[in-house]
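Here's the structure we're looking at; comments come further down.
Shown next, in the form of structure tokens:
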């Protein structure tokens, strides 16, 4: 029996492909995609902190910067971000500045995620948050990565 | 009577020069400098969110990325960041990831600063924070900028 993917799951699959690309490059496997109101992909990216030797090169930062470049403007008001792992504080702040309207998260990050570190939501006041989309796949990528690192 | 500048004030002057450059370009006047343990300037930058049309292009992000490029490594463990205005959540997160050891802040930002948004410090556990260095100058640049914008 084939299971039809919801719209959220379809885009999370693309974020997961980015995360897999990160893993293949030895980067922490997190991927992100920014989708416009018409469903087009405006920006995508994965973690590049090792390759760029830059702690700011998280997947969400890449995707947000790419989407702004695509649009030619810095605000992503009616856009949705898909990210495989709960954003950290830095990325949550960037998501807030970008005015992203909807944030769809794969798997939570109870230790490094923004929820543990903020007393109020860093996102835009009108933004909605969707959690748990393809959470098992998102988490599995992370677990496999860190398991292989510990070996 | 000349007043000798402390080390913190000397570097904050450089951050202020960056902030003034931002103001001259119509950017929010915030500047940042990363200084190595030997006192050398490893990275400096100012707000470029308008020119780059990128919400992530804050002064601190520019300075951190520049310093990592100078060092050829992503961690700034024994370095100090001078920034004219209290960092936002995004920059505070980036400062944490970078392992910056000391954060020297000019003027607070009670509305947009990280202190209002976080329940615990986003900085590295071993980092120290110094506040109020050349605060009047740092604040004056911001006030002049926004005053001119309201006219």
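Chains as they are written, first to last, in the numbering used here: chain A, 1 to 151; chain B, 1001 to 1151.
Heads up, the beta-carbon is just placed ideally off N, CA and C, and yes, glycines get one too.
Fair warning: this is a prediction, and the values are worked out from it, not measured in the lab.
### Message
Can you tell me whether residue 74 of chain A is buried or exposed? The criterion is at least 16 other CB atoms within 10 Å of its CB, across all chains shown.
### Response
One-based indexing of the first chain puts residue 74 of chain A at position 74. So residue 74 of chain A ends up on the buried side.
### Query
Where residue 116 of chain A and residue 19 of chain A are concerned, what is the direct C-alpha to C-alpha distance, given to the nearest angstrom?
Within the first chain, numbered from 1, the residue matching residue 116 of chain A stands at position 116. Within the first chain, numbered from 1, the residue matching residue 19 of chain A stands at position 19. Taking the straight line from one Cα to the other gives about 23 Å.
### Message
For residue 1005 of chain B and residue 1103 of chain B, what's the separation of their Cα atoms in angstroms?
### Response
For the purposes of this step, residue 1005 of chain B is identified with residue 5 of the second chain, where counting begins at 1. For the purposes of this step, residue 1103 of chain B is identified with residue 103 of the second chain, where counting begins at 1. Distance between the alpha carbons of residue 1005 of chain B and residue 1103 of chain B: 18 Å.
### Message
Between which residues of its own chain and residue 1037 of chain B is the CB-CB distance below 6 Å, once the five residues before and five after are set aside?
### Response
Numbered from 1 along the second chain, position 37 holds the residue referred to as residue 1037 of chain B. Cβ neighbours of residue 1037 of chain B beyond the five flanking positions: 1078.
### Task
Pair every Cβ in the segment 132 to 144 of chain A with every Cβ in the segment 96 to 114 of chain A, then say whether three or more of these pairs are closer than 8 Å.
yes
### Query
Should residue 35 of chain A be flagged as near chain B, meaning a C-beta pair shorter than 8 Å?
Your numbering for residue 35 of chain A matches position 35 in the first chain. By this cut-off, residue 35 of chain A is not an interface position.
### Task
Could you check the C-alpha separation between residue 8 of chain A and residue 148 of chain A for me, to the nearest Å?
Locating residue 8 of chain A in the first chain gives position 8, counting from the first residue. Locating residue 148 of chain A in the first chain gives position 148, counting from the first residue. Cα to Cα, residue 8 of chain A sits roughly 29 Å from residue 148 of chain A.
### Members of the segment 1029 to 1058 of chain B near chain A, C-beta cut-off 7 Å
1049, 1053, 1054, 1055, 1056
### Message
Let me check one thing: in DSSP terms, what residues is residue 1033 of chain B bridge-paired to?
### Response
Working through the second chain from its first residue, we reach residue 1033 of chain B at position 33. Paired residues: B:1044, B:1082.
### Task
Identify every residue that forms a DSSP beta bridge with residue 1102 of chain B.
On the second chain, position 102 is the one that residue 1102 of chain B refers to. In DSSP, residue 1102 of chain B forms a bridge with B:1080, B:1128.
### Query
Checking contacts by CB at 8 Å: is residue 115 of chain A closer than that to chain B?
Here residue 115 of chain A is taken as the residue at index 115 of the first chain, counted from 1. Taking Cβ atoms only, chain B never reaches closer than 8 Å to residue 115 of chain A, which makes this a no.
### Task
Mind checking who residue 1107 of chain B pairs with in its DSSP beta bridge?
As a working mapping, residue 1107 of chain B is identified with position 107 in the second chain. B:1085, per the DSSP bridge assignment.
### Message
Taking a contact to mean a Cβ-Cβ separation below 8 Å, would you say residue 1094 of chain B touches residue 1061 of chain B in this structure?
### Response
Stepping through the second chain from its first residue, residue 1094 of chain B is reached at position 94. Stepping through the second chain from its first residue, residue 1061 of chain B is reached at position 61. The answer is yes: Cβ separation under 8 Å.
### Query
With a CB to CB cut of under 6 Å and the five nearest residues on each side skipped, what residues in its chain are close to residue 86 of chain A?
Here residue 86 of chain A corresponds to residue number 86 of the first chain, with the count starting at 1. The residues are 105, 108, 109, 113.
### Message
Are the CB atoms of residue 28 of chain A and residue 22 of chain A within a distance shorter than 8 Å?
### Response
The sequence position of residue 22 of chain A within the first chain is 22, counting from 1. The sequence position of residue 28 of chain A within the first chain is 28, counting from 1. Going by C-beta atoms, residue 22 of chain A is nearer than 8 Å to residue 28 of chain A.
### Query
Residues in its own chain within less than 7 Å of residue 71 of chain A by CB, not counting five upstream and five downstream?
As a first step, residue 71 of chain A is located in the first chain; it is residue number 71 there, counting from the start. Closer than 7 Å at the Cβ level, and outside the excluded window around residue 71 of chain A, lie 42.
### Message
Does any residue of chain A have a CB that is nearer than 8 Å to the CB of residue 1001 of chain B?
### Response
Counting from one through the second chain, the residue named residue 1001 of chain B turns up at place 1. Confidence at residue 1001 of chain B is low in this model, with a pLDDT of 42, below 50, so the placement of that residue should be treated as unreliable; the coordinate-derived value is given next. Residue 1001 of chain B does not count as touching chain A.
### Task
Could you work out which residue in B:1083, B:1053, B:1068 is closest to residue 1059 of chain B when comparing CA atoms only?
Against the second chain, residue 1059 of chain B aligns to sequence position 59. If we check each option's Cα against that of residue 1059 of chain B, B:1083 comes out closest.
### Length of the line joining the Cα atoms of residue 89 of chain A and residue 1122 of chain B
In the first chain, the residue the question calls residue 89 of chain A occupies position 89. In the second chain, the residue the question calls residue 1122 of chain B occupies position 122. If I take the Cα positions, the gap works out to 8 Å.
### Query
I think residue 1040 of chain B touches residue 1076 of chain B, with their Cβ atoms under 8 Å apart; what is that distance to the nearest whole Å?
Counting from 1 along the second chain, the entry for residue 1040 of chain B is found at position 40. Counting from 1 along the second chain, the entry for residue 1076 of chain B is found at position 76. Contact doesn't hold; Cβ gap of about 13 Å is too wide.
### Query
Since residue 1009 of chain B is in the alpha helix (DSSP H), which residue starts that stretch and which ends it?
The count along the second chain starts at 1 and reaches residue 1009 of chain B at position 9. Where residue 1009 of chain B is concerned, the enclosing alpha helix (DSSP H) stretches over 1007 to 1024.
### Query
Which term fits residue 1 of chain A, buried or exposed, when burial requires 16 or more other beta carbons within 10 angstroms of its beta carbon?
As a working mapping, residue 1 of chain A is identified with position 1 in the first chain. Residue confidence for residue 1 of chain A is low, a pLDDT of 42 falling below 50, so the modelled location carries little weight; the figure read from the coordinates is stated next. Answer is exposed; the Cβ neighbour count stays below 16.
### Query
By the 10 Å Cβ neighbour count, where 16 or more other Cβ atoms means buried, how is residue 1067 of chain B classified, buried or exposed?
As a working note, residue 1067 of chain B is residue 67 in the second chain. Classification for residue 1067 of chain B: buried.
#### Entry: Selection from B:1016, B:1081, B:1033, B:1055 that minimises the alpha carbon distance to residue 69 of chain A
Position 69 of the first chain, counted from the start, is the residue given in the question as residue 69 of chain A. The residue with the shortest Cα to Cα distance from residue 69 of chain A is B:1055.
### Query
In whole angstroms, what is the alpha-carbon distance linking residue 1017 of chain B and residue 100 of chain A?
Translated into positions along the second chain, residue 1017 of chain B becomes position 17. Translated into positions along the first chain, residue 100 of chain A becomes position 100. Computed Cα separation, rounded: 32 Å.
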